[in-house]
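The sequence shown runs 1 to 138 under the UniProt record's numbering.
Cβ atoms here follow ideal geometry from the backbone N, Cα and C, with glycine treated the same way.
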Amino acid sequence: MAEWVGWFVAAGAVLILELFTGTFYLLMIAIGISAGGLVALAGGNGGWQALTVAIVGVAATLLLRRSRFGKAARRDAAQDPNVNLDIGQSVAVAHWVDGAARVMYRGALWDVELIPGSDTQAGHYTIRAVRGSRLIVG
1 MAEWVGWFVA AGAVLILELF TGTFYLLMIA IGISAGGLVA LAGGNGGWQA
51 LTVAIVGVAA TLLLRRSRFG KAARRDAAQD PNVNLDIGQS VAVAHWVDGA
101 ARVMYRGALW DVELIPGSDT QAGHYTIRAV RGSRLIVG
């Protein structure tokens, strides 16, 4: 088996592992391994192949890290609808007392707090955040 075939088989194996992890980092390593395969295909010796794999793999990983895809979005769990399914739901508030109220939601009484700058009129409000047993609505 030719050297370049081995590099591309290795890149394919890393790509398959990438499908199981869900990150792009192994994809960047697979790009580096493929670059090593291209150097082998062009006739470069083993040292140049390994150096190419290292340089391209590290460079691609650093470029990914600096891109928007490499940075995890930091969100407050109290306001993240992917973490708390109550966010975005609607509650009916009968009356407000100094910006606070109590409502029946999901079969239990909850304290409700109005976000600053909102009107204290009775009606339907959308849950914007959850802090402990308090619903923040707006």
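How many whole angstroms separate the CB atoms of residue i and residue j, which I take to be in contact at a CB cut-off of 8 angstroms?
i, j, result
"L41", "L27", "At roughly 21 angstroms, the Cβ-Cβ gap does not stay under 8 angstroms, so L41 and L27 are not in contact."
"V93", "G123", "7 angstroms"
Under 9 angstroms between the Cβ atoms of residue i and residue j?
i, j, result
"G32", "V9", "no"
"Y125", "V97", "no"
"E113", "I136", "yes"
"T52", "L38", "yes"
Three-state secondary structure (DSSP) at residue i?
i, result
"S133", "coil"
"W4", "helix"
"S90", "strand"
"I115", "coil"
"V14", "helix"
For residue i, does the count of other Cβ atoms within 10 angstroms reach 16, so buried, or fall short, so exposed?
i, result
"residue 141", "With the chain covering only 1 through 138, there is no way to say anything about residue 141."
"T23", "exposed"
"T21", "exposed"
Which same chain residues end up closer than 6 angstroms to residue i when comparing Cβ atoms and leaving out the 5 residues on each side of it in sequence?
i, result
"A11", "A30, I33, S34"
"N84", "V130"
"E18", "L26, L27"
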